[in-house]
Every structure is written in C-alpha cells, then in structure tokens.
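Working notes, structure below.
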Amino acid sequence: MRILAIESSCDETAAAVIEDGRRILSSVVNTQIAEHRVYGGVVPEIASRRHIEHIDAVVAKALADAGETVQSVDALAVTAGPGLIGALLVGVNYAKGLALAAEKPLIPVHHIRGHIAANYLAEPALEPPFLCLVASGGHSLIVDVRDYTDFVVLGRSRDDAAGECFDKAARAMGFPYPGGVELDRQARSGDDTKYRFPQPHVEGHPLDMSFSGVKTAVVNLLHNAAQRGDPIDVPSLCASFEKTVCEALVTRVFSAARETGAKTVCVAGGVSANTRLRASLLSEGKRARCRIVMPPLSLTGDNAAMIGAQAYYEFLAGHLADDGLNAVATLPVERGTPADFAV
Ligand code: KG4
Ligand code: ZN
268 MRILAIESSC
278 DETAAAVIED
288 GRRILSSVVN
298 TQIAEHRVYG
308 GVVPEIASRR
318 HIEHIDAVVA
328 KALADAGETV
338 QSVDALAVTA
348 GPGLIGALLV
358 GVNYAKGLAL
368 AAEKPLIPVH
378 HIRGHIAANY
388 LAEPALEPPF
398 LCLVASGGHS
408 LIVDVRDYTD
418 FVVLGRSRDD
428 AAGECFDKAA
438 RAMGFPYPGG
448 VELDRQARSG
458 DDTKYRFPQP
468 HVEGHPLDMS
478 FSGVKTAVVN
488 LLHNAAQRGD
498 PIDVPSLCAS
508 FEKTVCEALV
518 TRVFSAARET
528 GAKTVCVAGG
538 VSANTRLRAS
548 LLSEGKRARC
558 RIVMPPLSLT
568 GDNAAMIGAQ
578 AYYEFLAGHL
588 ADDGLNAVAT
598 LPVERGTPAD
608 FAV
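When we follow the numbering used here, the leftmost residue of the sequence shown carries the number 268, and every step to the right adds one.
As structure tokens, then:
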C-alpha cells in the first residue's frame with residue numbers, strides 16, 4: 268500500500284510517499300529555519316504563509332520522485348496535530364481538498380506518533396511493544412508503545428521540553444536559533460565536569476522530568492560571569508549542560524525499561540540527533556541488555572516519511588478522516604483517532 272503523506276506542523280513543509288509503512292519511496296523537506304532564525308524562534312504567521320507558498324511544489328516533487336501520481340497512490344495522510352494551529356491547518360486543508368478531488372481515503376496522523384514511527388523506517392524488524400524516549404522541541408516523554416496505535420505515557424517533562432531547554436540555553440550563549448545543533452557541536456570539545464548543575468527530580472514521580480531549572484542555572488551562570496568579568500569556557504559549559512539533560516532522559520528511560528521489562532528502547536524527535544544522547548543510549552542499552560533503535564539523522568527532525576509510516580498502521584486500525592477533520596494544537600499521544608481531530 269502506497270501512502271502520500273504531508274507534514275506542516277511547525278517550520279518544515281514536507282511530503283513523502285511510503286510503502287506499507289516501512290519503505291521510503293520519496294521524502295521531500297522544505298525547511299524555513301533560515302527565515303525564522305532572524306527572529307530567534309519560529310514566527311507562526313510566517314510559518315503558515317510559507318507552507319501555503321511551498322506545499323504544492325513539495326507534494327508534486329514527492330510524487331514525481333516516487334514515480335507516482337495522486338491517482339496512483341492508495342491513500343493520503345496528513346499531520347493533524349499537535350503543532351502550530353495555523354501551520355497545521357495549511358496541511359490539513361490541502362490534504363482534505365486533494366483527497367476529495369482524487370477520491371482517496373485520508374488518514375489523520377498525530378505528529379508525535381509520527382516521530383515514534385520513524386523507528387519503523389530505521390529498523391524493518393521493529394514491532395511493538397517497545398519503549399520510546401520522545402525528545403523534541405515541544406515534548407519530552409517516556410512512552411510505552413504497546414501496539415502501533417496504543418500508547419501509554421509513563422513519564423513527561425513538567426515544564427520545558429528537552430529541545431526547548433537546549434534552544435534557550437544555546438540562545439543565552441549567543442548561538443543562532445535553533446541552537447541545539449550548535450550546542451551539540453561545541454560540547455564535543457568541552458570538559459563535561461567543569462560546570463555542575465543539579466540533576467532535577469520531580470518529588471514522588473521518578474519518571475517525570477523538569478528542565479527549566481537547568482536552563483535558568485545556565486542563564487544565571489552566564490549573567491554572573493558577565494557581571495564579574497569572568498571568562499566562560501563555552502565548549503565545557505555546553506558539555507556540562509548537555510550531560511545533565513542527557514542523564515535526566517537516559518536514566519529515566521532505562522528505569523522505565525526495568526519497571527516494564529521492556530527489551531527494546533527507541534528514541535524519537537529532534538533532540539534524538541544529539542551526539543551524546545545517541546552514544547549514551549547505546550552504552551546504557553548494552554549494560555541493560557536492551558536493543559536500541561534510533562532513526563537515522565535524516566529522520567530525527569520533522570519530515571513526512573515518519574507520518575506516512577504511522578499512517579499505514581492508523582489505516583489498518585480503520586482510522587480514516589471524514590469531512591469533519593480539523594487540526595488541533597495540543598493533543599496527548601494516547602489520543603489520535605479521527606474523532607480526536609474532528610471539528
Ligand atoms: O522534533 P523537532 O524537529 O520539532 C518538534 O516537533 O519540536 O525538534 C526540534 C528540536 C529543537 O529544539 C532543536 O534544537 C533540537 O530538536 N535539536 C537538537 C539537535 N538537533 C535538533 N538538540 C540537541 N542536539 C542536537 N543535535
Ligand atoms: Zn516534531
């Protein structure tokens with residue numbers, strides 16, 4: 268079964284053609300990062316306008332690259348939430364119009380379920396159940412993936428998401444948006460023991476996380492150093508910060524694995540591109556005797572291939588949209604049926 272998938276939840280306009288949820292026939296991503304960088308973050312109004320301008324060409328290229336047409340694919344899929352509402356609405360309305368005109372079924376997909384499904388593209392033998400650490404710009408979750416469309420959140424951040432924390436710390440250090448990538452690069456040559464940050468805990472909820480304190484500690488450290496005229500060892504600050512955040516994520520996902528008896532741990536979302544996080548998941552995985560699955564770097568950020576992968580399993584579960592399909596800005600990962608996205 269071939270699905271044309273569309274993604275426009277934030278600042279990437281993307282389309283892909285995916286076969287049986289596992290094989291990428293094409294994947295096109297048009298990123299707006301350079302334009303938003305000037306403002307230090309994503310400007311929702313600009314994102315919506317650029318999606319409108321680019322979506323037609325991005326979809327046409329994805330179809331052409333796969334040697335398909337809208338008539339030849341079996342179904343369409345679209346990210347219907349969560350995300351920026353104006354950005355989501357561009358993809359949802361475009362997909363509704365195209366599906367109606369081509370008389371094809373339309374599958375609404377939860378963005379975070381899509382990130383998790385990037386692992387099916389990375390590892391053809393991967394099947395639920397497994398645990399997934401989700402670390403993106405908007406979410407930090409430990410998810411028990413019981414089945415392809417059955418998710419239970421075991422732990423979550425109580426404040427900032429890990430990616431948001433990376434971006435805010437990077438911004439305080441003067442790196443351009445989105446700073447996570449540059450912070451990762453700088454950290455490689457730093458000493459991770461030079462600066463110490465408290466390891467955050469949420470009282471009574473050992474699998475929950477909190478990142479805003481670490482972010483504030485970085486901002487205060489920079490502020491105090493500037494006032495005193497003390498020099499900052501930026502690579503070591505990056506490495507020490509990264510170590511604190513990665514430890515928080517990795518220790519929790521393996522505690523969850525011990526508690527649930529999970530033998531497979533996956534990772535998803537933009538922060539899963541982080542060098543230290545990937546290395547530390549692999550080494551802890553060896554120690555815990557867990558299989559570790561990670562999407563390739565090309566599938567860690569927002570893309571439509573992952574949406575097409577999840578869409579296949581939503582289709583098998585009978586999750587097809589009708590005229591009432593709408594976009595939603597917030598929605599827990601446990602919910603993702605067409606009724607959850609309805610007007
Ligand atoms: O999943 P994603 O592309 O968008 C959302 O759905 O939020 O995640 C974007 C986040 C940004 O905060 C970005 O700074 C972070 O992922 N990120 C990284 C790295 N690459 C991207 N954070 C740390 N290290 C990286 N290498
Ligand atoms: Zn995302």
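From the three backbone atoms N, C-alpha and C, an ideal C-beta is built for every residue, glycine too.
Contact test: residue i Cβ vs the ligand ZN heavy atom, cutoff 8 Å
i: Ser-547; result: no
i: Ser-276; result: yes
i: His-468; result: no
i: His-377; result: no
i: His-586; result: no
i: His-303; result: no
i: His-490; result: no
i: His-382; result: yes
Residue i - DSSP class collapsed to helix/strand/coil
i: Ser-403; result: coil
i: Met-476; result: strand
i: Glu-449; result: helix
i: Asn-386; result: helix
i: Ser-456; result: coil
i: Ile-559; result: strand
i: Gly-585; result: coil
i: Asp-569; result: coil
i: Thr-531; result: strand
i: Gly-496; result: coil
i: Ala-283; result: strand
i: Asn-360; result: helix
i: Pro-265; result: With the chain running from 268 to 610 in the structure shown, residue 265 is simply not present.
i: Phe-397; result: strand
i: Phe-418; result: strand
i: Ser-315; result: helix
i: Val-501; result: helix
i: Thr-346; result: strand
i: Thr-483; result: helix
i: Asp-332; result: helix
i: Val-310; result: coil
Nearest to residue i (by Cα), restricted to the options the options
i: Ser-339; options: Asp-497, Val-501, Gly-381 and Leu-330; result: Leu-330
i: Gly-288; options: Asp-341, Leu-421 and Cys-533; result: Asp-341
i: Ala-506; options: Glu-370, Asp-323 and Tyr-462; result: Tyr-462
i: Leu-544; options: Asp-497, Leu-504, Ser-315 and Phe-508; result: Phe-508
i: Lys-510; options: Leu-489, Ala-314, Asp-458 and Ile-300; result: Asp-458
i: Asp-569; options: Gly-585, Tyr-580, Ala-546 and Ala-535; result: Ala-535
i: Val-296; options: Glu-274, Pro-311, Glu-312 and His-303; result: Glu-274
i: Val-284; options: Phe-418, Asp-589, Met-573 and Thr-416; result: Met-573
i: Ala-301; options: Gly-552, Glu-279 and His-382; result: Glu-279
i: Arg-380; options: Ala-609, Ala-327, Pro-395 and Asn-487; result: Pro-395
i: Cys-277; options: Leu-489, Leu-292, Cys-432 and Arg-316; result: Arg-316
i: Ser-503; options: Thr-483, Leu-598 and Arg-452; result: Arg-452
i: Arg-602; options: His-377, His-406 and Gly-350; result: His-377
i: Phe-464; options: Gly-308, Gly-447 and Asn-487; result: Asn-487
i: Thr-336; options: Lys-482, Glu-312, Ala-272 and Thr-416; result: Ala-272
i: Ile-319; options: Ala-369, Ala-362, Ala-333 and Ala-493; result: Ala-362
i: Ile-383; options: Leu-592, Val-610 and Pro-562; result: Pro-562
i: Val-357; options: Lys-553, Ala-282 and Ala-428; result: Ala-282
i: Gly-350; options: Gly-480, Lys-371 and Pro-599; result: Pro-599
i: Pro-311; options: Gly-591, Leu-355, Asp-417 and Ala-385; result: Leu-355
i: Ala-436; options: Gly-405, Glu-526, Gly-348 and Val-485; result: Val-485
i: Thr-527; options: Ala-584, Arg-413 and Leu-549; result: Arg-413
i: Cys-291; options: Val-309, Ala-324 and Ala-333; result: Note on residue identity: the sequence assigns Ile, not Cys, to residue 291. Here the closest residue by C-alpha is Ala-333.
i: Gly-404; options: Ala-368, Pro-372, Gly-447 and Ala-366; result: Gly-447
Same chain, Cβ closer than 7 Å to residue i, neighbours up to 5 away in sequence not counted
i: Ser-477; result: Ser-424, Arg-425, Asp-426, Pro-467 and Val-469
i: Ile-352; result: Ala-594 and Ala-596
i: Leu-474; result: Ile-409, Leu-421, Gly-422, Arg-519, Ser-522 and Ala-523
i: Leu-564; result: Ala-540
i: Ala-429; result: Ala-402, Ser-407, Phe-478, Val-512, Leu-516 and Val-538
i: Phe-442; result: Glu-449 and Leu-450
Own chain, CB closer than 6 Å to residue i, minus 5 neighbours either side, in chain order
i: Glu-390; result: Val-560
i: Ser-456; result: Pro-502
i: Pro-445; result: Asp-434
i: Val-610; result: Gly-591 and Asn-593
i: Val-419; result: Asp-411
i: Val-359; result: Val-345, Ala-347 and Ala-594
Sequence-distant residues of its chain with Cβ nearer than 8 Å to residue i (five each side left out)
i: Ile-374; result: Ile-270, Ala-342, Leu-343, Ala-344, Val-345, Ala-578, Glu-581, Phe-582, His-586, Leu-587 and Ala-588
i: Cys-513; result: Asn-541, Arg-543, Leu-544 and Ser-547
i: Ala-529; result: Pro-396, Phe-397, Leu-398, Asp-411, Ala-523 and Cys-557
i: Leu-566; result: Ala-385, Leu-388, Ala-389, Ala-572 and Met-573
Closer than 8 Å: residue i CB and nearest the ligand NAP heavy atom
i: Met-268; result: The ligand NAP is absent from the structure shown, which contains only the ligand KG4 and the ligand ZN.
Which residues, in chain order, sit with a beta-carbon under 5 Å away from any heavy atom of the ligand KG4? Ser-403, Gly-404, Gly-405, Gly-430, Phe-433, Asp-434, Pro-445, Gly-447, Val-448, Asp-451, Gly-536, Gly-537, Val-538, Ala-540, Asn-541, Gly-568 and Asp-569
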